[in-house]
Amino acid sequence: MEGRHRERREEGDEETIREQERERGEQRDGSPKPKSGTKMEEEDEGKETELMKASSRDKARNQLINGHTPISASSSLTCFPFISSPHQGRGDEDEEEVRVAILTVEDESCPSEPFGTTQFEPTKDDNGQAESGGEGKEDGEMEGEEEAAKEENEEVEEAANAEEREEEEELASPEAHLQLKMKRKLDHGPDGRPFPSGKKHCKGNGYLSPSSLVQATPTTFGDLRLANGHSAQRRRVTSGPPPSGLQEWLHTFQMWSGPERLLALDELIDRCETSQVKHMMQVIEPQFQRDFISLLPKELALYVLTFLAPRDLLQAAQTCRYWRILAEDNLLWREKCREEGISECASSRRRRSSAAVSEWKSTYIRQHRIETNWRKGDTREPMVLKGHDDHVITCLQFSGDLIVSGSDDNTLKVWSAITGKCLRTLTGHTGGVWCSQMAASTVISGSTDRTLRVWDAESGECVHTLYGHTSTVRCMHLNGNRVVSGSRDTTLRVWDVSTGRCEHVLTGHLAAVRCVQYDGRRVVSGGYDYMVKVWDPETEVCLHTLQGHTNRVYSLQFDGVFVVSGSLDTSIKVWDAETGGCVHTLTGHQSLTSGMELRDNILVSGNADSTVRVWDIRTGQCLHTLQGPNKHQSAVTCLQFCRGLVLSSSDDGTVKLWDLRTGAWLRDVVALQSRGSGGVVWRIRASDTRLVCAAGSRNGTEETKLLVLDFDLDERKKETD
22 MEGRHRERRE
32 EGDEETIREQ
42 ERERGEQRDG
52 SPKPKSGTKM
62 EEEDEGKETE
72 LMKASSRDKA
82 RNQLINGHTP
92 ISASSSLTCF
102 PFISSPHQGR
112 GDEDEEEVRV
122 AILTVEDESC
132 PSEPFGTTQF
142 EPTKDDNGQA
152 ESGGEGKEDG
162 EMEGEEEAAK
172 EENEEVEEAA
182 NAEEREEEEE
192 LASPEAHLQL
202 KMKRKLDHGP
212 DGRPFPSGKK
222 HCKGNGYLSP
232 SSLVQATPTT
242 FGDLRLANGH
252 SAQRRRVTSG
262 PPPSGLQEWL
272 HTFQMWSGPE
282 RLLALDELID
292 RCETSQVKHM
302 MQVIEPQFQR
312 DFISLLPKEL
322 ALYVLTFLAP
332 RDLLQAAQTC
342 RYWRILAEDN
352 LLWREKCREE
362 GISECASSRR
372 RRSSAAVSEW
382 KSTYIRQHRI
392 ETNWRKGDTR
402 EPMVLKGHDD
412 HVITCLQFSG
422 DLIVSGSDDN
432 TLKVWSAITG
442 KCLRTLTGHT
452 GGVWCSQMAA
462 STVISGSTDR
472 TLRVWDAESG
482 ECVHTLYGHT
492 STVRCMHLNG
502 NRVVSGSRDT
512 TLRVWDVSTG
522 RCEHVLTGHL
532 AAVRCVQYDG
542 RRVVSGGYDY
552 MVKVWDPETE
562 VCLHTLQGHT
572 NRVYSLQFDG
582 VFVVSGSLDT
592 SIKVWDAETG
602 GCVHTLTGHQ
612 SLTSGMELRD
622 NILVSGNADS
632 TVRVWDIRTG
642 QCLHTLQGPN
652 KHQSAVTCLQ
662 FCRGLVLSSS
672 DDGTVKLWDL
682 RTGAWLRDVV
692 ALQSRGSGGV
702 VWRIRASDTR
712 LVCAAGSRNG
722 TEETKLLVLD
732 FDLDERKKET
742 D
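In our numbering, the protein residues as written are 22 to 742.
Below you can see the structure in the form of structure tokens.
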């Protein structure tokens with residue numbers, strides 16, 4: 022078949038040469054023969070026919086080249102001839118030599134490398150003008166190539182059909198079936214999946230060199246190293262001279278097909294030692310690693326990083342400079358802070374230490390450090406503030422860097438939470454101070470002398486003395502510019518803090534008022550008459566009297582929707598503030614519920630039975646009972662919510678830290694030396710970064726003092742420096 026194609030091309034070439042010779046002869050004579058009308062029409066029709074054929078040839082060429090007409094690996098493809106006919110001056114001879122370059126691909130085809138526009142070497146006519154090599158192709162030549170390609174495709178299809186019939190015949194015998202399985206293993210691999218085609222670079226003359234065509238995908242490991250920017254000469258193993266026959270072995274490997282090479286590599290790896298396989302991994306793995314983050318647009322790269330945990334982001338920042346720029350993005354860390362419920366940026370409180378560090382990242386790291394200090398503790402000893410002699414600290418307030426403690430010694434003391442010094446002592450009460458409230462630097466105190474006093478903690482001045490109650494002021498609650506006080510005289514009074522004027526008096530309880538809550542709209546009070554009352558302070562009307570307890574009410578919580586009351590009858594009741602109906606009765610405690618905290622429908626209650634319980638007030642279910650081997654050994658005196666943690670103090674001289682979500686005991690934050698033998702922690706107050714405890718004893722075994730624990734010591738040290 023190749024002989025027939027060659028004969029057709031030679032005949033087409035001879036006709037082309039003869040036609041060109043006739044045209045040159047007419048030009049040399051200088052007297053071309055006149056053409057008749059019929060002759061001119063025939064020539065015009067011939068030109069149109071040639072144009073149509075040229076168009077069809079271009080279309081066929083595009084289909085063959087750009088469409089990658091498939092051929093078998095063992096077949097030979099006669100590619101398009103590249104016409105190179107430079108005029109050779111040989112004396113007076115006017116002859117031209119036509120060179121036909123035929124490219125034969127002996128190996129596998131190369132569809133992965135598109136040819137694009139084929140580059141032809143231009144030819145020159147007698148006048149030295151360049152002509153395109155493509156224009157020199159004749160119709161016979163193109164038609165011969167099209168027929169050759171068509172016959173080639175038919176042969177490939179016949180060969181494939183014959184191979185299928187041959188496999189079906191071979192299945193008849195067991196030996197043939199075994200051979201067929203071996204053949205498929207070579208062709209498809211041990212898992213039955215076909216091997217990749219393993220295409221190679223086309224090898225030919227300079228017209229199809231890779232540098233002049235579209236850059237191809239690397240096909241060898243050396244090409245891959247070059248594509249990744251590595252040197253072609255990597256460091257080789259220098260354990261000795263190369264073994265004899267190495268080049269022959271490599272040459273044999275190169276002669277094998279792709280499936281055969283894979284099979285040989287499988288066998289080779291099975292015979293390698295561990296150190297040799299490790300060497301291969303060290304050489305191969307880096308070449309297939311891709312920094313996909315750096316390849317993405319910045320917006321997409323940041324979006325990908327949002328799925329990483331903060332700990333992983335910190336590790337990613339150590340990868341390279343560009344990763345560090347992305348991992349320091351301020352908006353990225355703002356999102357991480359939002360996920361953790363952190364709403365305050367560090368820059369709003371202090372000057373940034375470095376312009377290159379994200380403000381939100383600094384905030385997140387600081388909050389994480391504080392959380393760790395809370396949960397795991399610190400080896401530093403707490404700061405001790407001694408005062409009030411041997412008296413009992415009855416109330417404790419904490420705002421900013423100021424601590425205010427009230428005592429039955431008739432005084433209040435203002436302390437610095439940073440230095441631990443007593444800044445001033447507030448004197449004026451003639452009886453013991455039993456309750457207090459604080460907002461910023463304004464302090465309100467209630468005493469057994471039946472008065473309330475308004476103080477400026479910064480100056481120590483008594484701004485107002487509020488007269489009206491006829492017995493001990495036992496409880497109070499501050500909201501905005503109003504404070505509501507409850508007294509043993511069974512009444513409640515609403516005061517304007519700025520003017521010191523009593524605005525409203527609420528009467529209705531039949532015994533001492535022990536606890537009060539005020540949300541700015543409604544007042545809720547509990548008393549020794551077993552009742553809980555809901556008031557409208559503006560009209561001084563009792564809206565609801567919540568009856569159900571069978572003993573004194575000692576503690577209250579009110580969030581505007583639910584009222585929660587704790588009583589000496591061991592029960593806790595949840596009430597609807599609008600209707601006055603009892604929603605749930607929480608049972609489980611064995612004694613007086615002395616303190617409660619309510620946030621987001623989660624209630625934590627401390628009881629004299631030495632346990633702390635966590636409740637869901639929507640369902641009435643007890644979520645956790647904070648007890649076990651590390652539980653308190655005596656009555657719980659005070660509770661505090663903080664950072665998803667529960668702090669509880671007790672008459673046993675300890676302050677314990679619990680995980681609110683799991684109910685697990687984390688550690689003892691404070692443990693007095695006299696614990697178990699008279700030491701008591703009376704009150705606790707906490708912020709995000711500090712814990713203040715009021716401690717002492719009733720038998721002289723422990724001095725009355727305040728303990729201040731700072732969980733942001735690194736930050737405090739920086740500010741001090």
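The C-beta atom is built at its ideal place from N, Cα and C for all residues, glycine as well. Remember, it's a predicted structure, so these values are computed and weren't measured experimentally.
Report yes if the CB atom of residue i is closer than 9 Å to the CB atom of residue j, and no otherwise.
i, j, result
"Ser576", "Cys536", "yes"
"Ala533", "Arg509", "yes"
"Gly408", "Lys382", "no"
"Gly797", "Thr722", "What is shown of the chain runs 22 to 742, which leaves residue 797 out entirely."
"Glu474", "Ser480", "A small fix is needed here, since residue 474 is Arg in this sequence, not Glu. Result no, Cβ atoms of Arg474 and Ser480 do not sit closer than 9 Å."
"Thr675", "Arg704", "no"
"Ser462", "Leu417", "no"
"Asp429", "Gly453", "yes"
"Ser612", "Leu647", "no"
"Thr710", "Ile386", "no"
"Cys663", "Val691", "no"
"His530", "Arg514", "no"
"Leu447", "Val464", "yes"
Determine the direct distance from the alpha carbon of residue j to that of residue i, and round the result to whole angstroms.
i, j, result
"Ala277", "Glu269", "In the sequence on display, residue 277 carries Trp and not Ala. Cα-Cα distance, rounded: 13 Å."
"Ala322", "Met301", "32 Å"
"Val526", "Arg573", "22 Å"
"Gln458", "Val325", "49 Å"
"Arg620", "Asn351", "31 Å"
"Ser670", "Lys652", "11 Å"
"Ser437", "Val633", "31 Å"
"Glu306", "Tyr343", "22 Å"
"Leu644", "Glu618", "15 Å"
"Ala685", "Glu361", "21 Å"
"His565", "Arg543", "11 Å"
"Ala122", "Ser296", "Model confidence at Ala122 stands at a pLDDT of 42, short of 50, so the residue's coordinates are unreliable; what they give is reported in the following sentence. Their Cα atoms are separated by approximately 51 Å."
"Leu607", "His498", "25 Å"
"Trp516", "Arg503", "6 Å"
"His610", "Ser631", "9 Å"
"Lys825", "Val635", "No answer is possible for residue 825: it lies beyond the span of the chain, which begins at 22 and ends at 742."
"Thr440", "Ala598", "44 Å"
"Leu289", "Leu247", "26 Å"
"Val405", "Gln538", "32 Å"
"Val413", "Thr472", "20 Å"
"Gln310", "Gln388", "36 Å"
Who are the Cβ neighbours of residue i in its own chain at under 8 Å, not counting the five residues just before and after it?
i, result
"Lys319", "Leu347"
"Arg495", "Trp455, Cys456, Gly467, Gly507, Ser508, Arg509, Ala533, Val534, Arg535"
"Gly601", "Val555, Leu564, His565, Thr566, Leu567"
Starting from the C-beta of residue i, find all residues in its chain whose C-beta is less than 6 Å away, skip the five residues before and the five after it, and write them out in chain order.
i, result
"Leu15", "Any property of residue 15 remains undetermined from this structure, which presents the chain solely from 22 to 742."
"Gly88", "With a pLDDT of 44 at Gly88, under the threshold of 50, the predicted position of this residue should be treated as unreliable, though the coordinate-derived value follows. Result list for Gly88: empty, nothing under 6 Å."
"Val667", "Val625, Trp679, Leu681"
"Ser586", "Gly547, Val553, Val574, Leu577, Lys594"
"Leu734", "none"
Since residue i contacts residue j with CB under 8 Å, what's their CB separation in whole angstroms?
i, j, result
"Ser655", "Asp672", "4 Å"
"Ile363", "Thr393", "That belief does not hold up - the Cβ atoms of Ile363 and Thr393 are roughly 15 Å apart, past 8 Å."
"Arg696", "Gln661", "About 19 Å; that fails the 8 Å criterion."
On a Cα-Cα basis, can you pick out the residue from the options that is closest to residue i?
i, options, result
"Asp470", "Thr493, Cys483, Val484", "Thr493"
"Leu743", "Arg682, Ala716, Cys603", "Residue 743 is absent from the model: the chain starts at 22 and stops at 742."
"Arg445", "Ser426, Arg639, Leu567, Thr725", "Ser426"
"Ser468", "Ala438, Thr415, Arg634", "Thr415"
"His568", "Phe579, Cys603, Thr273, Ala330", "Before going on, a small fix: residue 568 reads as Gln here, not His. When only C-alpha atoms are compared, the closest one is Cys603."
"Asp312", "Thr614, Cys341, Asn628", "Cys341"
"His485", "Gln275, Arg522, Asp410", "Arg522"
"Gly665", "Asp689, Gly627, Phe419, Ser708", "Ser708"
"Ser506", "Cys483, Tyr551, Pro558, Ser615", "Pro558"
"Ser315", "Ala338, Leu286, Cys293", "Ala338"
"Ile638", "Cys443, Ser379, Phe579", "Phe579"
"Gln308", "Gly501, Ile623, Thr241", "Thr241"
What residues in its chain sit with their C-beta under 7 Å from that of residue i, if we drop five residues either side in the sequence?
i, result
"Gly149", "With a pLDDT of 44 at Gly149, under the threshold of 50, the modelled position of this residue cannot be trusted, and the question is left open."
"Glu356", "Thr327"
"Tyr549", "Ala532, Ala533, Arg535, Arg573"
"Arg719", "Gly699, Val701"
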